[in-house]
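Residue 73 is where the sequence shown starts when you use the working numbering, and the numbers rise one by one after that.
From the three backbone atoms N, C-alpha and C, an ideal C-beta is built for every residue, glycine too.
Each remark here refers to the structure printed beneath this line.
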Amino acid sequence: MPTRTLTLLLADLVGSSAHVTAIPQEEAVDFLQDALLPIQQAIETHAGTVIKFMGDGYLASFESVCHALRAAERIRQDFLRQQNTPTGITLDGVRVVVNTADVTIEDGDVLGDGVVLLSRLEKTVPTNQVYVTRVVRDIADEAEFAFDPIGELQPRGWPEPVMIYQLTSVEASYLDPDVFLIITDLHGLVPYSEELSASGIHQWLLAWGDLHRQAVAGLNGRVRQFIADMALLTCSSADDAVHTILNLQALAALHNQTRLDLPPLHFKTVLATGDLILSPTGVVGPLVNRTFDLLNITPRSAVVLEPGVYELLHAYQDRFELVTLTAADGSATRNAYQLVQ
């Protein structure tokens, strides 16, 4: 079996077991998917490979120590900036530990003492902190990373103490610049609430939320927040954002054909771009306000883009036409691009 030197990262959710056991299984699956997505995206963004899911987190490998440390810092920042899942469940935080070691590769898995050491050290890491071994500290670029010595720890079953360092925290930035913000608004919540049981409405909204997760899967984006019958998502490019919207439309059409036990899903969608402010409870700021203003004058079932988004499209410009939107009371007009359906 081949042996290689790799840098390994283990990121584990704090307190997730308590959340999972306190909610229904279907919601628990959504919770884990929402909570773990920032970890997966950080790993993949920084040239890492997810090896396996480990109960409450991921084990990943990297060819480069610096890539692993950048991913670790990105994970920490994500959990510091947003402390709730899109459905509003509190995230207690994350623990991250990084080690470089010789490992044996077998059937896509990694084996060896270096992997075992990660799992033994993980429970010693404070919430939203990153611990690294001496070998990681010694290899890391001193110009980019700084470390504080923690001291020698004695992992359970380990023959001798291990010197551990903490990746120095940088001040959390609560600005996510140049994002593409999608807001969807589901039609019919009020009338259906008068016709259906509370359980029926709950299942309908769960299906609505799950479609958003499916729509953005595999693209460079994520669900940020659910607010009643609305959803807020972000993508890193205009084309990925439009791709997400088209995926959502197709998934909703399939739902309407196959889920006859639930009301149909009809909705309108708007897309804008700018700097997003992340607060512990959700996304806020001028971009959010501007996008909601656009939503308020968007016709039912329409898909509308700000002109700034349209100008940044590469693959989908021919799908949109310039329109002038007017508020119902005539108090506001706005130029935008609307999807031709």
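- Rounded to whole angstroms, H274 and I222 show a C-alpha spacing of 47 angstroms.
- Contact check for E378 and L343: beta-carbon distance about 7 angstroms, within the 8 angstroms limit, so the pair qualifies.
- Around the beta carbon of A303, 16 or more other beta carbons lie within 10 angstroms, which makes this residue buried.
- CA-to-CA, the gap between F125 and L350 works out to about 27 angstroms.
- If you draw a straight line from the Cα of G180 to the Cα of I123, it comes to about 7 angstroms.
- Secondary structure in the region 232–292: the beta strand (DSSP E) runs of 3 residues or longer, each lying completely within the stretch, are 234–239 and 247–258 in chain order.
- Out of W230, R153, D333 and V187, the CA that lies nearest to the CA of L163 is found in R153.
- Pairing V381 with V295, the inter-Cα distance amounts to about 19 angstroms.
- Rounded to whole angstroms, the separation of the alpha carbons of D248 and L268 is 39 angstroms.
- The shortest CA-to-CA distance from D185 to any of D174, E194 and G129 is the one to D174.
- Approximately 5 angstroms separates the beta-carbon atoms of L190 and V169; this is inside 8 angstroms, confirming the contact.
- Taking 8 angstroms as the cut-off, the beta carbon of G281 is found closer than this to the beta carbon of D102.
- Per the Cβ contact rule, the region 101–120 is in contact with the region 138–150 (3 or more Cβ pairs under 8 angstroms).
- Spanning the alpha carbons of G260 and I369 requires a straight line of approximately 17 angstroms.
- Judged by DSSP secondary structure, I211 falls within the alpha helix (DSSP H) whose first and last residues are R206 to I211.
- By the 16-neighbour rule on beta-carbons within 10 angstroms, T205 is buried.
- Beta-carbon to beta-carbon, F298 and P96 are separated by about 16 angstroms, too far to satisfy the 8 angstroms threshold.
- Distance from the CA of D365 to the CA of E224, rounded to the nearest whole angstrom, comes to 56 angstroms.
- With respect to the C-alpha of T199, the residue from A143, F151, E178 and L348 having the closest C-alpha is F151.
- Taking a cut-off of 8 angstroms for Cβ pairs, the region 304–317 and the region 249–258 touch, as three or more such pairs fall below it.
- For the set T330, D390, T405 and L85, the Cα lying nearest the Cα of L367 is the one of T405.
- Under the DSSP assignment, S351 falls outside any alpha helix (DSSP H), being part of the beta strand (DSSP E) whose first and last residues are F339 to S351.
- Counting along the chain, R167 sits inside no alpha helix (DSSP H); it lies in the beta strand (DSSP E) bounded by residues V166 to E178.
- For C307, DSSP records a beta bridge to F252 and G293.
- Nearest to A287 by C-alpha distance, out of L277, V262, A374 and A324, is A324.
- For I369, no alpha helix (DSSP H) segment is defined, and its DSSP state is neither H nor E.
- Under the DSSP assignment, V101 falls in the alpha helix (DSSP H) whose first and last residues are Q97 to T117.
- About 5 angstroms separates the CB atoms of G129 and A83; that is less than 8 angstroms, so the two are in contact.
- Cβ neighbours of M235 within its own chain (closer than 6 angstroms, five residues either side excluded): R206 and E224.
- For Y409, the closest of A279, S403 and T396 by C-alpha to C-alpha distance is T396.
- Within the model, the alpha-carbon separation for R148 versus N407 is close to 40 angstroms.
- DSSP places T77 in the strand class (E or B) of the three-state scheme.
- Contact annotation: V197 and R228 have beta-carbon atoms that are not nearer than 8 angstroms.
- Contact check for V86 against G165 passes: the beta carbons are separated by less than 8 angstroms.
- The Cβ atoms of N156 and V208 lie no closer than 8 angstroms to each other.
- Shown here, Y130 sits in a strand according to DSSP, grouped into three states.
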